[in-house]
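Numbered by the working numbering, the letters in the first sequence go through residues -17 to 779 in order. Remarks on the structure that follows.
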Amino acid sequence: MRAVFFIKKICTFVSMQKNETNSETSILTNLNDAQRAAVEFCDGPSLVIAGAGSGKTRVLTYKIAYLLEQGLPPYYILSLTFTNKAAREMKSRIAELVGEKKARSLWMGTFHAIFARILRKEGEAIGFKPNFTIFDTADSRNLIKLIIKDMKLDDKQYRQNAIHGQISKAKNSLITPAMYAANSELLEYDRRARQPQLFEIYQRYQNRLRAANSMDFDDLLMYTNILFRDHKDILEKYRNQFQYILVDEYQDTNFSQHLIVKQIADAHHRVCVVGDDAQSIYSFRGANIDNILNFKSNFPETKVFKLEQNYRSTQNIVNAANSLIRQNTEQIEKDVFSENEVGDKLEILGTFSDFEEGLVVANKIARMRLERHDTYSDFAILYRTNAQSRIFEDALRKKNIPYRIYGGKSFYQRKEIKDVISYFRLIVNPSDEEAFRRVINYPTRGIGNVTVGKIASSAELHNVSLWEVLSSPIEYNLEINAGARNRLATFQSLISGFIEQRDTISAYEIAQEVIKKSGISHEAYSDLTPEGLSRSQNIQELINAMEEFVSTRQEEGDENILLTDFLSEVSLLTDQDTEDDEEAQKVTLMTVHSAKGLEFNHVFVVGMEEDLFPSSMAKSENRGLEEERRLFYVALTRARKTCTVTYAKSRFKNGQTNSAKISRFVMEIDQAYVSEESILNYSNKGTSSADDFWGTMRQQRVKRESLGRAATKDIAPQRAPERRGNIVSVNNAAPSMPLSQEAKELQVGNIIEHERFGRGEVTSIELSGNDRRAFVEFESAGKKQLLLKFAKFNIIE
DNA sequence: TAACACTTGTTTTTT
DNA sequence: ACAAGTGTTA
């Protein structure tokens, strides 16, 4: 209560001395007018529309620092971010401004992390024990698969991923199973979609989760809403505590998240949301752009601030991105501009194949690094799908360029790690069905599907957890033979032993016990295959991480760090959260989605082809298409200095090479901001689509090569020779790519040392397009053609 | 029950 | 290409 007055006082205090520069307002001098205005306004709801690169994080950081500096206790501030990483970074920046101690007691984190913490404390009010475990996506899907099987439904008609998506959507819209079953519109929709039983799957899924004392990601938000809805005393408590709420990336919140914010903020309206509608890219996950578009109607007295000056990028990049996003219809009007240098124009490079795309990018990175005296960490390659990373990895490795990949399978999703973590989950929460199923026969101990099936049906019959059946097999009439019974009893006492230690010894200590006694370490160490080795390394890494977790927490003053502490921390971590070594000079490879909020001097947006970017999935709906366009906008605006956009004429996908067409988005960029060479390459499209860029000569050659194949599409470049690693393929891409010094000087008769083929003599050189190719007789590798633009070799004599 | 060969579908993005 | 699922054999 006192805090309410407190805030009012701060605000009047500040507005009185707005124009003075004394020590109290000193932090504000680092801000521009718009930013400062947004920071200073703290007596009501505010919406900060922050264009790309306009200092959004800066505003949030300074705003929090500002509130703290004025004396508002940190634990009164709730600050919600989109990723753990963002939270961590913001925290450390605030610590620099106001000191470590205050920063540490801020409530700052992702929606999921913060409300998981609150649910652990308050969950008993809605029937959850504080040791509940969290199902990740894979766990959820496994459970859904089991349910579909139990219900004897056709798994082609009810595909687990689709079902999970539907359930997730329902949860994010706060539709409980009961509401779902009562909603004739939804039922009708499902009937038409030939999934009439969907509501029952949802129902059962939710029951099973509850029986397992577990929540999935969406539950963390949904149950928070339910908790606040049904327990006003608890809501009141947090309303009083969170006197000021800040939300980052508001354009990516879903209804469930929005309502949590609203429920808390309704008491005092001191809420500041920051976002950019032009960067809303998560609607597939239920994010609702309307949250930001309609924020004002929820809080009518909302003050809107617009940050329009981009400090990140050159004028060319900002203008190019603006010209793209202008094609969208739904957006808040704003005028993002840059006063940085005009900078280089965008470069658009078409290549013959995805393979060549990799080489072109790798080469350009190598060249630019030297020309511009930048480090590898100034470069990023951004793609639409994780599957595209492979080809760039190969190309970079070939050129000895260090890189770091984000995304894909995260550390915690690796099988061996999930297995170990499942032991932890079962120990902390023996009801956890997924964990139980995962570990009961890992390492193999002769308990197969049949036995597990018996336990499961008995558990369902008696309405208890699998663990309880396992613990009292006789009581629950478990009919199995003596051998199986023995093995079950051994497993049961193994886990019971861990459970007894769970609350006394540290997370690190119990983890070591688990590895040893469960037989995991024995199995891991006896596997000497390369994969086995990497698996035991991963397990070791997990143990090391736990040791570090325990010791840092102890240094911070906590005493006994239990397994449950570690588990609740780790369940919400993703790959993005693994500490990156700042010093490492590596090229960054990631999806555009995970690049949100980051920036690099030089950005390569790759794979700009129809059906890939925009993805074929998104194209059917206009809204989907606009989201893809925003995604491309996000990609372009990551760049500070240069931006290169690439596409390939053919791409290997799902075991097949398909011909591809340049993305419509590339055409939408105003050509005034695109380098002239690039324009020549792609702009004369309209005349004949088959005749663009590549020139007739090249296509004819390709057709000749693919002769005899049924070529239904315009080109069907099957198994390009480069797949095998020989750099002999057609190419005339990358007009901007100059030959290396070596390549320029190369003459017939030279002896060269090639990176892979070894020594060889140049027998002839010919011109192909605007490039040269050399025919080389290698001592061991035989006759090869080298494309001088790409070939890596030294002239020996 | 487990190990293996064979078939099938699958890919958008992530807390 | 690849992973997951299915079926066959020991």
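For glycine and all other residues, C-beta sits at the position ideal for the given N, C-alpha and C.
Considering only DSSP beta bridges, list what residue i is partnered with.
i, result
"Q291", "F319"
"A269", "N236"
"I644", "E591"
"V324", "DSSP output for V324 lists no bridge partner at all."
"I733", "E743"
"G257", "I31"
"K285", "S28"
"T296", "Answer is none; T296 lacks a bridge partner."
Three-state secondary structure (DSSP) at residue i?
i, result
"M590", "coil"
"E779", "coil"
"N583", "strand"
"G332", "strand"
"Y48", "helix"
"D136", "coil"
"Y507", "helix"
"I462", "coil"
"A32", "strand"
"A249", "coil"
"F198", "According to the sequence provided, residue 198 is Asp. The question's Phe does not apply to it. Of the three classes helix, strand and coil, the one that applies to D198 here is strand, per DSSP."
"Y385", "strand"
"A600", "coil"
"A566", "coil"
"F23", "coil"
"A160", "helix"
"Q223", "helix"
"E759", "strand"
"S553", "coil"
"S61", "strand"
"T472", "helix"
Suppose you measure from the CA of residue i to the CA of residue j; what does that come to, to the nearest Å?
i, j, result
"A617", "H575", "8 Å"
"E538", "L54", "23 Å"
"D652", "F337", "28 Å"
"E779", "F586", "37 Å"
"M161", "R211", "15 Å"
"E182", "A163", "8 Å"
"F361", "Y615", "18 Å"
"L13", "E71", "19 Å"
"A344", "I330", "15 Å"
"H444", "Y458", "7 Å"
"I733", "K623", "40 Å"
"S488", "V532", "7 Å"
"V80", "D258", "28 Å"
"V318", "D234", "20 Å"
"E442", "K568", "52 Å"
"S598", "R605", "13 Å"
"I437", "L460", "7 Å"
"N280", "K578", "27 Å"
"Q185", "P159", "5 Å"
"A369", "F199", "25 Å"
In the DSSP assignment, find the alpha helix (DSSP H) that holds residue i and state where it starts and stops.
i, result
"I492", "489 to 499"
"Y615", "604 to 618"
"M72", "66 to 80"
"R190", "180 to 193"
"K278", "277 to 280"
"P112", "Taken as a continuous stretch (DSSP letters only), P112 belongs to no alpha helix (DSSP H), as it is neither H nor E."
"D376", "371 to 380"
"A152", "142 to 154"
Between which two residues does the beta strand (DSSP E) containing residue i stretch?
i, result
"R622", "621 to 635"
"T573", "569 to 573"
"F117", "115 to 117"
"G91", "89 to 92"
"L54", "Run containing L54: none; DSSP gives neither H nor E here."
"F361", "361 to 365"
"L169", "No beta strand (DSSP E) contains L169, which is instead part of the alpha helix (DSSP H) from 166 to 174."
"L229", "Per the sequence shown, the amino acid found at residue 229 is Val instead of Leu. Segment 226 to 229, the beta strand (DSSP E) holding V229."
Is there at least one non-hydrogen atom of the ligand MN closer than 8 Å to the beta-carbon of residue i?
i, result
"R633", "For the ligand MN, the structure offers nothing, since it holds no ligand at all."
Fill in: Continuous alpha helix (DSSP H) assignments of at least 4 residues falling wholly in the region 509 to 546
512 to 537
Worksheet item: Taking only runs of the alpha helix (DSSP H) that begin and end inside the region 394 to 457, which ones reach a length of at least 4 residues, in chain order?
Response: The region 394 to 457 contains these whole alpha helix (DSSP H) runs: 397 to 410, 415 to 421, 431 to 444, 448 to 453.
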